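Under the UniProt record's numbering, the first residue of the sequence shown is numbered 1, with each subsequent residue one higher.
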Amino acid sequence: MEYIKEVNINEAIIHILDSNANGPILNEYKLRLDDENYKFILKHVEKCLKDQQLRYAQFNNERNIVKEVSQEYLNGQSDLLTISKELAKQLFVLMKGNDNIESCDLMIVSISTEYGPMLGILKMDYIKNYIHVIDTVEDKIGINIAPEVTGLPMTASKIKKCAFIKPIREGQEFNLMLIDKQKKSKDSEEYGSNYFIKNYLGCNVIENERDMTRQLVENTDKFIKDNIDDVKTAVKTKDLLREKLKKEDTINIEDITDEIFKDETLKQEFINFNYENNIDKPIEVDKEFVTKIVDTLKFKLNKNITLSIPEDVYSDINSFEVRDNGDGTANIIIKDVSTIR
Numbered sequence: 001m002e003y004i005k006e007v008n009i010n011e012a013i014i015h016i017l018d019s020n021a022n023g024p025i026l027n028e029y030k031l032r033l034d035d036e037n038y039k040f041i042l043k044h045v046e047k048c049l050k051d052q053q054l055r056y057a058q059f060n061n062e063r064n065i066v067k068e069v070s071q072e073y074l075n076g077q078s079d080l081l082t083i084s085k086e087l088a089k090q091l092f093v094l095m096k097g098n099d100n101i102e103s104c105d106l107m108i109v110s111i112s113t114e115y116g117p118m119l120g121i122l123k124m125d126y127i128k129n130y131i132h133v134i135d136t137v138e139d140k141i142g143i144n145i146a147p148e149v150t151g152l153p154m155t156a157s158k159i160k161k162c163a164f165i166k167p168i169r170e171g172q173e174f175n176l177m178l179i180d181k182q183k184k185s186k187d188s189e190e191y192g193s194n195y196f197i198k199n200y201l202g203c204n205v206i207e208n209e210r211d212m213t214r215q216l217v218e219n220t221d222k223f224i225k226d227n228i229d230d231v232k233t234a235v236k237t238k239d240l241l242r243e244k245l246k247k248e249d250t251i252n253i254e255d256i257t258d259e260i261f262k263d264e265t266l267k268q269e270f271i272n273f274n275y276e277n278n279i280d281k282p283i284e285v286d287k288e289f290v291t292k293i294v295d296t297l298k299f300k301l302n303k304n305i306t307l308s309i310p311e312d313v314y315s316d317i318n319s320f321e322v323r324d325n326g327d328g329t330a331n332i333i334i335k336d337v338s339t340i341r
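1. So is the beta-carbon of Asp-35 under 7 Å away from any non-hydrogen atom of the ligand ADP?
2. Hey, could you find the ends of the alpha helix (DSSP H) Ala-163 is sitting in?
3. Would you list the residues sitting across from Ser-110 in a DSSP beta bridge?
4. Whole angstroms is fine: what's the gap from Ser-308's alpha carbon to Gln-58's?
5. Check Gly-192 in the structure and name its three-state DSSP category.
6. Measuring only the C-alpha atoms, how far is Lys-303 from Ile-334?
7. What ranges does the alpha helix (DSSP H) occupy inside the region 259-311, keeping only unbroken runs of at least 4 residues that lie completely in it?
8. Three-state secondary structure (DSSP) at Leu-216?
9. What separation, rounded to the nearest whole angstrom, lies between the Cα atoms of Lys-67 and Leu-201?
10. With a CB to CB cut of under 6 Å and the five nearest residues on each side skipped, what residues in its chain are close to Ser-78?
11. Have a look at Lys-281, Ile-228 and Lys-300 and flag the residue whose alpha-carbon is nearest the alpha-carbon of Lys-267.
12. Here's the rule I'm using: 16 or more other beta-carbon atoms within 10 Å means buried, otherwise exposed. How should residue 343 be labelled?
13. How would you call residue 353, buried or exposed, if buried means at least 16 neighbouring beta carbons within 10 angstroms?
14. Please state whether the Cβ-Cβ distance between Lys-244 and Ile-256 is less than 8 Å.
15. Using the Cα positions of Thr-339 and Tyr-3, report the straight-line distance between them to the nearest angstrom.
16. Taking the alpha helix (DSSP H) that Lys-198 belongs to, which residues open and close that run?
17. If you drop the 5 nearest sequence neighbours on each side, which residues of the same chain put their C-beta closer than 7 Å to that of Arg-323?
18. Does DSSP put Ala-234 in a helix, in a strand, or in coil?
19. For a test of the three-state rule: what should DSSP assign to Tyr-3, helix, strand or coil?
20. Where does the unbroken alpha helix (DSSP H) through Glu-72 begin, and where does it stop?
21. State the Cα-Cα distance for the pair Ala-146 and Asn-129, rounded to the nearest angstrom.
22. Quick one: what's Asn-105 bridged to in DSSP?
23. Tell me, to the nearest whole angstrom, how far the beta carbon of Ala-12 is from that of Val-109; I am working on the premise that it is less than 8 Å.
24. Whole-angstrom Cβ separation of Ile-179 and Leu-54, contact assumed at under 8 Å?
25. With DSSP as the reference, label Thr-257 as helix, strand or coil.
26. Give me the Cβ distance between Lys-85 and Leu-26, rounded to the nearest whole Å; I'm assuming they're in contact under 8 Å.
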């Protein structure tokens, strides 16, 4: 996984896409990158690039406006103002054909990173603010509040849909990184179904090391929840997987199953469960992702208790202990508590 840590904003522009309008409102000028604007854009870009839902993707072979105009810019054949208008028009066409796509400001930003130049596309959905409204009725002042859905997401908010496109080169593992967060809905045609990846960007998501490492962790957690009632076994399983992720560069599901489980039935069920859930071959461990998830351990106890424990505290017998009761339950002991807040 390419963890981008060095980002510089070169230039940026923003267009207004209002689904109630007849066309996009296209900016004729690039954004002024004073200190405040620069920091605002940079924080959003950095937050997107650090997002756990950032995925790799490859453009399809078919003709696609986003692919073509982004490459024109990245290869020095066009300017940001020109190509950003085409990117905005393309999204607006999709918006007019799908009532579930929310109005937004579309920010197009050119960035430099330690991995080279990239073109960012950020769909900045509006947030609902409330404003006061003053009315005068019969010489009396009435003040009310009213919703106003025009604000851009603050830097503390996470952007739901964005892409960071690289110059396409032969033999590349991936052409772009993207985020496509979707609203949970029983109706697959609801907002966020798949228009951003399939219709706008025209690409296919590819699994990377972080995706596969996270999938293995999630599979293990779900398997424990559904199949292991004994607390001691559940804790031991989590501990063994965590140690393997820290020590190994590559993990084969059959090998770790032999180390984690003694029961032959559980072994086979765990292997089958992983095969059914996308872990059917050896995976390359994403060490940076592992560092993030092992630094703090999280446990859900019974129904309503959640523990979040730093790894050094969890490993310190003088601070924390899981004591087996011998009947499938356990006592969790937090020791030498001096303050409670």
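The C-beta atom is built at its ideal place from N, Cα and C for all residues, glycine as well. A quick note: this is a predicted structure, and the numbers were derived from the prediction, not measured.
Based on what the coordinates show:
1. No copy of the ligand ADP appears in this structure; indeed no ligand is present at all.
2. Run containing Ala-163: none in the alpha helix (DSSP H); it sits in the beta strand (DSSP E), 161-165.
3. According to DSSP, which records beta bridges pairwise, Ser-110 is partnered with Glu-11 and Leu-119.
4. Cα to Cα, the separation comes out at about 37 Å.
5. Interpretation of Gly-192 is limited by its pLDDT of 46, a score under 50 that renders its predicted location unreliable; the figure taken from the coordinates is listed afterwards. Under the three-state reduction of DSSP, Gly-192 is assigned to coil, being neither helix nor strand.
6. 19 Å
7. If we require 4 residues or more, the alpha helix (DSSP H) runs fully inside the region 259-311 come out as 264-276 and 287-295.
8. helix
9. 7 Å
10. Glu-72
11. Ile-228
12. An answer regarding residue 343 cannot be provided, because it is not within the stretch 1 to 341 covered by the chain.
13. Absent from the structure is residue 353, since the part of the chain shown begins at 1 and ends at 341.
14. yes
15. 38 Å
16. Careful: Lys-198 lies outside any alpha helix (DSSP H) and carries neither H nor E.
17. Contacts found: Ala-330, Asn-331 and Ile-333.
18. helix
19. coil
20. 65-74
21. 8 Å
22. Reading off the sequence shown, one finds Asp at residue 105, where the question assumed Asn. In the DSSP output, where bridge partners are listed per residue, Asp-105 has Ile-16 and Met-124.
23. Beta-carbon to beta-carbon, Ala-12 and Val-109 are separated by about 4 Å, close enough to satisfy the 8 Å threshold.
24. 6 Å
25. helix
26. 5 Å
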